[in-house]
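Position 157 of the sequence shown, counting from 1, maps to 157 under full-length UniProt numbering, and the rest follow consecutively. No residue lacks a Cβ here, since even glycine has one placed at the ideal position from N, Cα and C. As the structure is a prediction and not an experimental result, all values here were calculated from the model. Notes to accompany the following structure.
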Amino acid sequence: MAAEKIVELTDAELTKVATETAESFVDSFYTALHISRATVGTYYQAAVANEADAKRNLPFVCWNGEAYFSGTEFQKEFDKMPYFFLEVQSLNAHILNPCVSREGKKSHKEAERNVTISLQVSGYVRLFERKDGPMRGFADHIILTANKDTSKAGEGRQWVIQTQNFRFVV
Numbered sequence: 001m002a003a004e005k006i007v008e009l010t011d012a013e014l015t016k017v018a019t020e021t022a023e024s025f026v027d028s029f030y031t032a033l034h035i036s037r038a039t040v041g042t043y044y045q046a047a048v049a050n051e052a053d054a055k056r057n058l059p060f061v062c063w064n065g066e067a068y069f070s071g072t073e074f075q076k077e078f079d080k081m082p083y084f085f086l087e088v089q090s091l092n093a094h095i096l097n098p099c100v101s102r103e104g105k106k107s108h109k110e111a112e113r114n115v116t117i118s119l120q121v122s123g124y125v126r127l128f129e130r131k132d133g134p135m136r137g138f139a140d141h142i143i144l145t146a147n148k149d150t151s152k153a154g155e156g157r158q159w160v161i162q163t164q165n166f167r168f169v170v
């Protein structure tokens, strides 16, 4: 019996996965922050509790110094926040972990979704009004992971936030 072939991605393929995923995710997520505010909580992975240490629960969201441990919890607070307008100026993405699961992946698609991606996003934020008022800086660091809750038909978000640290820069 021949051993099953395990797919390993090249550095170029990993770079392509990080870049394409980051661009698509950032477009969708930052649009939701403006237009689809009620969907923001769906961009976070399902809550995973660490019974030994509650400070290690995932997802972990730090938004201007306030910590949240689920998309639902963050959504409740986000709904109370005043309107703000974000303009992304730069995006940097790279593969943080090229092999999340040690189980062999038999296809390129499985291998591409067996990674975590680090995103650094920065730009300008305008509080309260979209066109008036001073622009301030913002910095956002996001760790993306493949959404394990995606249906077999591919419905749902392909990538979700595992960890986020967002900060207005004043």
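Contact between A47 and F69 holds, with the beta-carbon distance rounding to 7 Å and staying under 8 Å. Under a 10 Å Cβ-count criterion, D140 is classified as buried, with 16 or more other Cβ atoms of the shown protein chains found around its own Cβ. In the structure shown, the three-state DSSP call for R167 is strand. When DSSP states are grouped into helix, strand and coil, D140 belongs to the strand group.
For T42, there is no enclosing alpha helix (DSSP H), since its DSSP letter is neither H nor E. The stretch 71-89 makes contact with the stretch 35-43: 3 or more CB pairs, one atom from each, lie closer than 8 Å. Look at S118 here: in three-state DSSP terms it is strand. Between T72 and the set L58, N64, F85 and G65, the nearest pair of CA atoms involves L58. Sequence-distant partners of F168 (beyond 5 residues in either direction) whose C-beta falls short of 7 Å from its own C-beta, in its chain, are N64, V125, R136 and F138. It is roughly 23 Å from the alpha-carbon of S118 to the alpha-carbon of H34. In the DSSP assignment, V61 falls outside any alpha helix (DSSP H) and within the unbroken beta strand (DSSP E) covering F60 to W63. Annotation: the continuous beta strand (DSSP E) that includes S90 extends over F84 to N97. A distance of 9 Å or more separates the beta carbons of V121 and T145.
Excluding residues up to 5 positions away in sequence, A111 lie with their Cβ nearer than 8 Å to the Cβ of E8 in the same chain.
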